[in-house]
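Residue numbers (the working numbering): 4 to 275. All C-beta atoms, glycine included, are put in the ideal place defined by N, C-alpha and C. As the structure is a prediction and not an experimental result, all values here were calculated from the model.
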Amino acid sequence: MRFKQNVGSIALLFVAPLATNLSAGIAPSSAATIANSAAEVTIDNFSHRPGDTGRSSVTDTDTVSFDGLAVAEANANAAFIANCHQLLAQNISETKVRGGGDRYSGVAQSEAAVIGDFSIGAEETFSFAFEAILYSLISVDRPESERAIASSKISFWLIDTVTSILLDSFELASGLHSAKGILLNVSPSPGFQPNKINFDLIVEGGKTTSILSASGVYARTFSSATNLRLVEVKNSIAEAAAEPVPEPSTIVGTAMFLGLLFKSRKLKHKLS
4 MRFKQNVGSI
14 ALLFVAPLAT
24 NLSAGIAPSS
34 AATIANSAAE
44 VTIDNFSHRP
54 GDTGRSSVTD
64 TDTVSFDGLA
74 VAEANANAAF
84 IANCHQLLAQ
94 NISETKVRGG
104 GDRYSGVAQS
114 EAAVIGDFSI
124 GAEETFSFAF
134 EAILYSLISV
144 DRPESERAIA
154 SSKISFWLID
164 TVTSILLDSF
174 ELASGLHSAK
184 GILLNVSPSP
194 GFQPNKINFD
204 LIVEGGKTTS
214 ILSASGVYAR
224 TFSSATNLRL
234 VEVKNSIAEA
244 AAEPVPEPST
254 IVGTAMFLGL
264 LFKSRKLKHK
274 LS
């Protein structure tokens with residue numbers, strides 16, 4: 004299977020990604036257990052131009068290390084370009100955790116989102132094209148005492164901003180858990196028409212990699228004039244740990260973001 008981007012180059016799509024990095028313990032070269040996750044979305048070929056756009060990026064990392072190593076990194080960025088030359092929305096979330104030793108825990112989380120508000124006339128069809136990819140990798144040195152978790156989720160929402168009714172949605176989720184196996188979910192509503200969905204699972208020695216990709220179009224004809232909000236948000240999480248250690252703290256990115264989603268009618272600047 005071929006993809007437009009490889010995961011190694013995915014972060015180069017943005018000039019200045021927002022990043023946090025927190026490490027504890029000994030040198031990263033000694034790490035033996037790894038969890039990586041990443042997700043990317045591109046939205047283009049819009050039938051209408053947005054009146055307002057917004058974007059959001061949130062990252063968080065935390066580590067605990069008593070007798071070993073824990074290193075956590077998180078990156079996220081989002082862009083909604085709407086000018087006379089280009090109309091494109093694109094965002095990425097990426098997390099990496101590596102650890103080693105007897106007592107450590109590390110977690111990295113990131114969230115990136117884009118928002119566009121559109122005015123759709125009666126009997127008009129609103130449409131766009133999308134491409135999405137989710138990547139997870141785990142490698143556990145000592146399965147009897149260490150664990151690794153890597154997962155990402157991408158969500159699309161189409162909301163009537165007058166009534167706050169969710170009109171259409173599409174969710175893709177993929178991940179790996181060293182003890183519980185594979186997470187996989189693809190749930191489109193009728194307005195979304197994915198024309199290609201691919202899933203690859205690659206096991207090489209102690210390393211497991213999963214790649215979920217989807218592309219297609221969204222299209223819906225509105226019988227009456229509608230103020231429509233497109234929201235696309237993604238979350239990535241990576242965790243590695245050797246028991247027993249305290250659990251690191253986590254962020255509540257999506258919950259906070261959803262609160263902003265329904266309170267704000269006009270988005271004329273970057274969300275924070």
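Within 8 Å, strictly: CB atoms of residue i and residue j
{"i": "residue 220", "j": "residue 158", "result": "no"}
{"i": "residue 51", "j": "residue 129", "result": "yes"}
{"i": "residue 240", "j": "residue 213", "result": "no"}
{"i": "residue 218", "j": "residue 133", "result": "yes"}
{"i": "residue 215", "j": "residue 187", "result": "yes"}
{"i": "residue 140", "j": "residue 104", "result": "no"}
{"i": "residue 65", "j": "residue 110", "result": "yes"}
{"i": "residue 61", "j": "residue 147", "result": "no"}
{"i": "residue 153", "j": "residue 179", "result": "yes"}
{"i": "residue 116", "j": "residue 80", "result": "no"}
{"i": "residue 96", "j": "residue 190", "result": "no"}
{"i": "residue 38", "j": "residue 242", "result": "yes"}
Cβ-based burial, residue i [other Cβ within 10 Å; buried from 16]
{"i": "residue 182", "result": "exposed"}
{"i": "residue 226", "result": "exposed"}
{"i": "residue 100", "result": "buried"}
{"i": "residue 43", "result": "buried"}
{"i": "residue 210", "result": "exposed"}
{"i": "residue 166", "result": "exposed"}
{"i": "residue 63", "result": "buried"}
{"i": "residue 34", "result": "For residue 34, the predicted model reports a pLDDT of 43, less than 50, meaning its position is unreliable and no value from the coordinates is stated."}
{"i": "residue 279", "result": "Summary: the structure shown does not reach residue 279, with the chain confined to residues 4 through 275, and so no result is reported for it."}
{"i": "residue 201", "result": "exposed"}
{"i": "residue 238", "result": "buried"}
{"i": "residue 78", "result": "buried"}
The beta strand (DSSP E) enclosing residue i, as first and last residue numbers
{"i": "residue 49", "result": "Unbroken run through residue 49: none, as it is neither H nor E."}
{"i": "residue 142", "result": "127-142"}
{"i": "residue 229", "result": "229-245"}
{"i": "residue 115", "result": "90-123"}
{"i": "residue 78", "result": "55-85"}
{"i": "residue 199", "result": "195-207"}
{"i": "residue 224", "result": "210-225"}
{"i": "residue 150", "result": "149-163"}
{"i": "residue 192", "result": "Unbroken run through residue 192: none, as it is neither H nor E."}
{"i": "residue 176", "result": "168-180"}
Cβ-based neighbour list, residue i, same chain, cut-off 6 Å, excluding 5 preceding and 5 following
{"i": "residue 143", "result": "36, 149, 151, 181"}
{"i": "residue 194", "result": "171, 221, 223"}
{"i": "residue 123", "result": "129, 225, 229, 231"}
{"i": "residue 199", "result": "218"}
{"i": "residue 91", "result": "47, 84"}
{"i": "residue 255", "result": "Because the pLDDT of residue 255 is 38, which lies under 50, any placement of that residue in the model is unreliable, and the question is left without a value."}
{"i": "residue 204", "result": "213"}
{"i": "residue 168", "result": "none"}
{"i": "residue 49", "result": "90, 131"}
{"i": "residue 45", "result": "93, 134"}
{"i": "residue 196", "result": "219, 220"}
heavy atom of the ligand SAM below 7 Å from residue i C-beta
{"i": "residue 40", "result": "What this structure holds is no ligand at all, so the ligand SAM is not there to describe."}
Rounded Cβ spacing between residue i and residue j (contact assumed at less than 8 Å)
{"i": "residue 108", "j": "residue 244", "result": "4 Å"}
{"i": "residue 98", "j": "residue 112", "result": "6 Å"}
Proximal residues to residue i (C-beta, below 7 Å), its chain only, five neighbours per side dropped
{"i": "residue 192", "result": "171, 172, 173"}
{"i": "residue 246", "result": "148"}
{"i": "residue 53", "result": "85, 119, 120, 121"}
{"i": "residue 145", "result": "none"}
Cutoff 8 Å; reference residue i; Cβ partners in own chain excluding five residues on either side
{"i": "residue 164", "result": "120, 230, 231, 232, 268"}
{"i": "residue 126", "result": "224, 225, 226"}
Cβ of residue i within 8 Å of any chain D Cβ
{"i": "residue 222", "result": "Chain labels in this structure do not include chain D; a single protein chain is all it has."}
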